[in-house]
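Those protein sequence lines, which keep their order, are chains A and B.
Yeah, the first sequence ends on 472 if you go by our numbering, and it's all consecutive.
Yeah, the second sequence ends on 472 if you go by our numbering, and it's all consecutive.
All C-beta atoms, glycine included, are put in the ideal place defined by N, C-alpha and C.
Predicted, not measured: the structure shown is a model, and the values here were computed from it.
Reviewing the structure listed below.
Number of protein chains: 2
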Amino acid sequence: MKNIILVGSGNVATHLGIALQNCNYKIIQVYSRSIEKAKKLAQKLNTNFTNDLTQLKTADLIIVSVNDDAISTVLSKLKNTAIAHTSGSIGMDVFEPNFSDFGVLYPLQTFNKEIELVISEIPFCIEGNSKAFEKELIEIAKKLSSNVITMNSEQRKKLHIAAVFACNFSNHMYSIADDLLAEKDVDFKILLPLIKQTIAKLNTNKPKKVQTGPAIRKDMHVIEEHINLIQQEDIKELYQKISNSIIKTHE
Amino acid sequence: MKNIILVGSGNVATHLGIALQNCNYKIIQVYSRSIEKAKKLAQKLNTNFTNDLTQLKTADLIIVSVNDDAISTVLSKLKNTAIAHTSGSIGMDVFEPNFSDFGVLYPLQTFNKEIELVISEIPFCIEGNSKAFEKELIEIAKKLSSNVITMNSEQRKKLHIAAVFACNFSNHMYSIADDLLAEKDVDFKILLPLIKQTIAKLNTNKPKKVQTGPAIRKDMHVIEEHINLIQQEDIKELYQKISNSIIKTHE
Numbered sequence: 222m223k224n225i226i227l228v229g230s231g232n233v234a235t236h237l238g239i240a241l242q243n244c245n246y247k248i249i250q251v252y253s254r255s256i257e258k259a260k261k262l263a264q265k266l267n268t269n270f271t272n273d274l275t276q277l278k279t280a281d282l283i284i285v286s287v288n289d290d291a292i293s294t295v296l297s298k299l300k301n302t303a304i305a306h307t308s309g310s311i312g313m314d315v316f317e318p319n320f321s322d323f324g325v326l327y328p329l330q331t332f333n334k335e336i337e338l339v340i341s342e343i344p345f346c347i348e349g350n351s352k353a354f355e356k357e358l359i360e361i362a363k364k365l366s367s368n369v370i371t372m373n374s375e376q377r378k379k380l381h382i383a384a385v386f387a388c389n390f391s392n393h394m395y396s397i398a399d400d401l402l403a404e405k406d407v408d409f410k411i412l413l414p415l416i417k418q419t420i421a422k423l424n425t426n427k428p429k430k431v432q433t434g435p436a437i438r439k440d441m442h443v444i445e446e447h448i449n450l451i452q453q454e455d456i457k458e459l460y461q462k463i464s465n466s467i468i469k470t471h472e
Numbered sequence: 222m223k224n225i226i227l228v229g230s231g232n233v234a235t236h237l238g239i240a241l242q243n244c245n246y247k248i249i250q251v252y253s254r255s256i257e258k259a260k261k262l263a264q265k266l267n268t269n270f271t272n273d274l275t276q277l278k279t280a281d282l283i284i285v286s287v288n289d290d291a292i293s294t295v296l297s298k299l300k301n302t303a304i305a306h307t308s309g310s311i312g313m314d315v316f317e318p319n320f321s322d323f324g325v326l327y328p329l330q331t332f333n334k335e336i337e338l339v340i341s342e343i344p345f346c347i348e349g350n351s352k353a354f355e356k357e358l359i360e361i362a363k364k365l366s367s368n369v370i371t372m373n374s375e376q377r378k379k380l381h382i383a384a385v386f387a388c389n390f391s392n393h394m395y396s397i398a399d400d401l402l403a404e405k406d407v408d409f410k411i412l413l414p415l416i417k418q419t420i421a422k423l424n425t426n427k428p429k430k431v432q433t434g435p436a437i438r439k440d441m442h443v444i445e446e447h448i449n450l451i452q453q454e455d456i457k458e459l460y461q462k463i464s465n466s467i468i469k470t471h472e
């Protein structure tokens, strides 16, 4: 599996393409619906590009990194080939019945063009339709990262939801904190040591074990005062609901 | 201000007492309602102890680190003395009218007996009833930490609410993620690189700017699928409410 085609030109395709070439895989072609984007990524990887799925070359593997909604449309236009997608939420069944070697190579990370990534530390979740093909995907992933896990589609879907809570929703908590501090001209950066300490605890503890704050202490006096001091109705409601959830979890 | 009395024997009092002695302050006495706890901390600090507030010695400063609910009761039993409390949620007015030099020395951190802390990195939020007394408290805080900020009671209260979102509530998001993964036998540790990457972005970006996930993409298809896959009703509701809040924030 040395010659790979990338279908997609977004953040995941870009980071994967670069990482694969660094590991001596050959990206022989890049596809994007937008010819400009295909060209841009192809130039980075010094390879060919197309915006026509019927013009794909023959490769050892096609990696499909397009938006979840576009995956089945893309697949319907491809001939049988060894293939994998990189999505957390799409099951492996999306490949049936048109492909014989298929699987998933899901890098668990928030890819962001502005932020540099250490790809070797990213967990790769692998699933293949046969043991043999799964083994081939694992081999590729192990070249890219020291953190490779096999996982079925059900596990991967739950992992994706868990990542929404742990990453997207916790980031929104930081965003709300930032807004609250801005009301009183306090810089969000003051919270960074506290945030880092909260994360540091998770290296050796279950999050439930290290929960702190007014809700777990059932300090209704502080909870009430906080809700009174919050101005936005929807943020008041979030404070109340999350506090209730903490209290319920620790009953 | 060399001779200090600690009123309280919990996590904050313990960490502060040790740090103050390391900076050559002298803890001349420890008070706790529980004589055993007073004795335990006094032994750590090699000093005197009491469980009787009328028996406090004369000191340059009394630091009150008791539960928020107990502060006014404790204060009502003390004679006029230079004094500070360590609470984020209690205003400086709690000292009026019985004290002439009073203030707040609030370390912004989750103190936890099991976890070691680097006190020099903890932000200390300082407020004094006069410029002169505030300066004395700042001097003490600067010995303990390189991160000292003056802050009025209104700012400190908002900061405390912000810290609940940024620390307590984000930790609950991790806890929910852990529960979701446990349903499918996936280890929570797989999320740690993603969580760390989410935090790393905050060193150079506002949290609002680096928000990712289905809600900010308004990917209703994924949101709906996630809600369907969550089993607990209250967690479904949290997923929906937080997603709505993200969508609203980014309108």
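Please list the terminal residues of the continuous beta strand (DSSP E) segment that includes residue i.
i: residue 305/A; result: 304-306
i: residue 323/B; result: 323-328
i: residue 249/A; result: 247-252
i: residue 256/A; result: Careful: residue 256/A lies outside any beta strand (DSSP E), inside the alpha helix (DSSP H) at 256-266.
i: residue 211/A; result: As shown, chain A starts at 222 and ends at 472. That puts residue 211/A outside it, with no answer to give.
For residue i, which of helix, strand or coil comes out of DSSP?
i: residue 433/A; result: coil
i: residue 287/A; result: coil
i: residue 300/B; result: coil
i: residue 228/B; result: strand
i: residue 390/B; result: helix
i: residue 375/A; result: helix
i: residue 282/B; result: strand
i: residue 478/B; result: Limits of chain B in this structure are 222 at one end and 472 at the other, which puts residue 478/B out of reach.
i: residue 275/B; result: helix
i: residue 311/B; result: coil
i: residue 320/B; result: coil
i: residue 424/A; result: helix
i: residue 243/B; result: helix
Do residue i and residue j have their CB atoms nearer than 8 Å?
i: residue 277/A; j: residue 251/A; result: no
i: residue 330/B; j: residue 418/A; result: yes
i: residue 389/A; j: residue 280/B; result: no
i: residue 307/B; j: residue 286/B; result: yes
i: residue 470/A; j: residue 396/B; result: yes
i: residue 387/B; j: residue 394/A; result: yes
i: residue 244/A; j: residue 439/A; result: no
i: residue 299/A; j: residue 283/A; result: yes
i: residue 238/B; j: residue 262/B; result: yes
i: residue 310/B; j: residue 459/A; result: no
i: residue 240/A; j: residue 340/A; result: yes
Taking C-beta pairs closer than 7 Å, name the residues in chain B that residue i reaches, listed in chain order.
i: residue 396/A; result: 428, 429, 432, 470
i: residue 301/A; result: In chain order: nothing, as chain B lies at least about 27 Å away.
i: residue 412/A; result: 383, 384, 387
i: residue 466/A; result: 393, 455, 459
Hey, quick one: how far does the alpha helix (DSSP H) through residue i stretch, first residue to last?
i: residue 354/B; result: 352-365
i: residue 294/A; result: 292-297
i: residue 449/B; result: 441-450
i: residue 465/B; result: 454-470
Show which residues of chain A have a CB atom less than 7 Å away from the CB atom of residue i.
i: residue 322/B; result: Those do not exist, as residue 322/B stays about 25 Å from chain A at its closest Cβ, beyond 7 Å.
i: residue 318/B; result: By Cβ distance, chain A contributes nothing, its closest Cβ being about 23 Å from residue 318/B, past 7 Å.
i: residue 310/B; result: 443, 446
i: residue 420/B; result: 416, 417, 420
i: residue 367/B; result: Result: empty, since nearest Cβ-Cβ is about 11 Å, beyond 7 Å.
i: residue 296/B; result: Correct list: empty, because the minimum Cβ distance to chain A is about 17 Å.
Hey, out of the options, whose CA is closest to residue i's CA?
i: residue 325/A; options: 408/A, 274/A, 378/A, 425/A; result: 378/A
i: residue 319/A; options: 307/A, 294/A, 340/A, 338/A; result: 294/A
i: residue 272/B; options: 260/B, 265/B, 254/B, 287/B; result: 254/B
i: residue 289/A; options: 381/A, 339/A, 258/A; result: 381/A
i: residue 370/A; options: 385/A, 344/A, 395/A, 388/A; result: 344/A
i: residue 450/A; options: 404/A, 412/A, 424/A; result: 404/A
i: residue 327/A; options: 302/A, 300/A, 368/A; result: 368/A
i: residue 229/B; options: 259/B, 269/B, 341/B, 409/B; result: 259/B
i: residue 351/B; options: 249/B, 310/B, 305/B, 243/B; result: 305/B
i: residue 349/A; options: 317/A, 366/A, 365/A; result: 317/A
i: residue 427/B; options: 339/A, 358/A, 410/A; result: 410/A
i: residue 248/B; options: 222/B, 256/B, 359/B, 257/B; result: 222/B
Can you name the residues of chain A whose CB is closer than 8 Å to the CB of residue i?
i: residue 314/B; result: Going along chain A, no residue has its Cβ under 8 Å from residue 314/B, so there is no contact; the nearest lies around 14 Å.
i: residue 386/B; result: 394, 395, 397, 398, 401, 460
i: residue 236/B; result: Result: empty, since nearest Cβ-Cβ is about 12 Å, beyond 8 Å.
i: residue 379/B; result: 401, 402, 404, 405, 407, 450
i: residue 375/B; result: 405
i: residue 277/B; result: Those do not exist, as residue 277/B stays about 27 Å from chain A at its closest Cβ, beyond 8 Å.
In chain A, which residues lie with their C-beta within 9 Å of the C-beta of residue i?
i: residue 184/B; result: Outside the shown range of chain B, which is 222 to 472, sits residue 184/B, and nothing can be said about it.
i: residue 239/B; result: By Cβ distance, chain A contributes nothing, its closest Cβ being about 17 Å from residue 239/B, past 9 Å.
i: residue 255/B; result: Going along chain A, no residue has its Cβ under 9 Å from residue 255/B, so there is no contact; the nearest lies around 18 Å.
List, in chain order, every chain B residue whose beta-carbon is nearer than 9 Å to that of residue i.
i: residue 415/A; result: 329, 330, 331, 343, 344, 384, 387, 388
Taking CB distances under 8 Å as the criterion, tell me whether residue i reaches chain C.
i: residue 436/A; result: The question asks about chain C, but that chain is absent: this structure's protein chains are A and B.
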